[in-house]
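Visitor:
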Amino acid sequence: MPVTICSPLFCRDRIKFLAILLMTCNHIAVIFLKPETLLYAFLTGIGYFTAICMCFFLTEGFAYTRSRLNYGGRLFLFSLLSQPPYMLAFSSQHPDGCSVFQAGSLNMIVTLLLCFLILCIRSAACSTPVRIALISFLFLFSEFCDWGMLAPIFVLLFYESRRRRIQPAYAWLLSCGLILLDSLPEALTLSETILLSLLRLFFTALGPAAAAICCLFLYDRKKERAVSGRIGTYFFYCYYPLHLLLLGLLSRGFRF
Numbered sequence: 105m106p107v108t109i110c111s112p113l114f115c116r117d118r119i120k121f122l123a124i125l126l127m128t129c130n131h132i133a134v135i136f137l138k139p140e141t142l143l144y145a146f147l148t149g150i151g152y153f154t155a156i157c158m159c160f161f162l163t164e165g166f167a168y169t170r171s172r173l174n175y176g177g178r179l180f181l182f183s184l185l186s187q188p189p190y191m192l193a194f195s196s197q198h199p200d201g202c203s204v205f206q207a208g209s210l211n212m213i214v215t216l217l218l219c220f221l222i223l224c225i226r227s228a229a230c231s232t233p234v235r236i237a238l239i240s241f242l243f244l245f246s247e248f249c250d251w252g253m254l255a256p257i258f259v260l261l262f263y264e265s266r267r268r269r270i271q272p273a274y275a276w277l278l279s280c281g282l283i284l285l286d287s288l289p290e291a292l293t294l295s296e297t298i299l300l301s302l303l304r305l306f307f308t309a310l311g312p313a314a315a316a317i318c319c320l321f322l323y324d325r326k327k328e329r330a331v332s333g334r335i336g337t338y339f340f341y342c343y344y345p346l347h348l349l350l351l352g353l354l355s356r357g358f359r360f
């Protein structure tokens, strides 16, 4: 259960709207800006709100969905639909062409699908060695996806916090810490001074910290959805490939 030290303000959809806005900022920075700039660091940093938030809501959806088969089917369908726009948008990040054999070459919805399968296996009634083997394989495969192995770790931390094996605050703290640790080499490489490296790490911490505050203290599970029914469900799925398609087309002619 989330920690409550103040009145919850947001339903799930409002947090998701914020997540896709910040995700778009992240993608604009990655596609159009040079990594050495502080604006790049700021926009990518606040965009980390989305990765950790989507992992949290995946565990929520896994717990509350009426049909795990339909849930997984939607993830599978939109992972396929999103791959061509993803490759169009981020092909410039892979000088030799975007291949599925490169780290990070599969889109975010593929990552969420793998995380969903990990939760299915984690909750399945099968022997421990089989679970460990299957989950380990999915962990390794996730390295070819956007967010890499971090996403499965986040999902398992949030899943265990739902089962009360660890405190939710600890799950969020560990997740935020892992993002900072993962960003440390880039911050040190791209910055000329320690002060600039620390500033980059501060920007990196903004997104995950904001996600933790929203989901731990401001999220109200009982609050009505901002967008009702299937329209709301499919809006978030459709936005991802459509905004990547638009950014990919724009990137053919612009880079700052």
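Numbering-wise, my numbering puts 179 at position 75 of the sequence shown, and it's gapless, one number per residue. Every residue gets a Cβ at the ideal spot worked out from N, C-alpha and C, and that includes glycine.
1. Opposite L277 in the DSSP bridges: which residues?
2. Going by the CB atoms, is the gap between F220 and L162 shorter than 8 angstroms?
3. Apart from the five residues just before and just after K120, which ones in its own chain have a Cβ nearer than 6 angstroms to its Cβ?
4. Is V234 buried or exposed, if buried means 16 or more other CB atoms sit within 10 Å of its CB?
5. Of all the options T297, L185, L305 and I132, which has the alpha carbon lying nearest to the alpha carbon of P345?
6. If we count the other Cβ atoms within 10 Å of its Cβ and call it buried at 16 or more, is F205 buried or exposed?
7. Taking only the alpha-carbon atoms, compute the straight-line gap between S265 and E164 and give it to the nearest angstrom.
8. Would you identify the three-state DSSP class for L242, choosing helix, strand or coil?
9. In this structure, does DSSP put F114 in helix, strand or coil?
10. For L173, count the other beta carbons within 10 Å of its own beta carbon; 16 or more makes it buried, fewer makes it exposed. Which is it?
11. With DSSP collapsed to three states, give me the class of C249.
12. According to the Cβ coordinates, are L278 and L261 closer than 8 angstroms?
13. Kindly list the residues whose CB is nearer than 7 angstroms to the CB of E140, restricted to its own chain and excluding five residues on each side of it in sequence; keep chain order.
14. Does DSSP put L351 in a helix, in a strand, or in coil?
15. From F136 to A193, what distance separates their C-alpha atoms?
16. Can you name, in chain order, every residue of its own chain whose Cβ lies under 7 angstroms from the Cβ of S246, other than the five neighbours on each side?
17. Let me check understanding here. Comparing Cα to Cα, which of I156, P189 and N130 lies closest to L350?
18. For Y152, which of N130, L142 and F166 has the nearest alpha-carbon?
Guide: Based on what the coordinates show:
1. Note: L277 sits in no beta bridge, so no partner.
2. yes
3. F340
4. exposed
5. L185
6. Unreliable positioning characterises F205 in this predicted model, as indicated by a pLDDT of 45, which lies under 50. A coordinate reading is not provided.
7. 11 angstroms
8. L242: helix per DSSP, three-state reduction.
9. strand
10. exposed
11. C249: strand per DSSP, three-state reduction.
12. It is a contact, given that the beta carbons lie within the stated cut-off.
13. L294
14. helix
15. 10 angstroms
16. T215, L218, G252, M253, A255 and P256
17. P189
18. Nearest C-alpha to Y152: N130.
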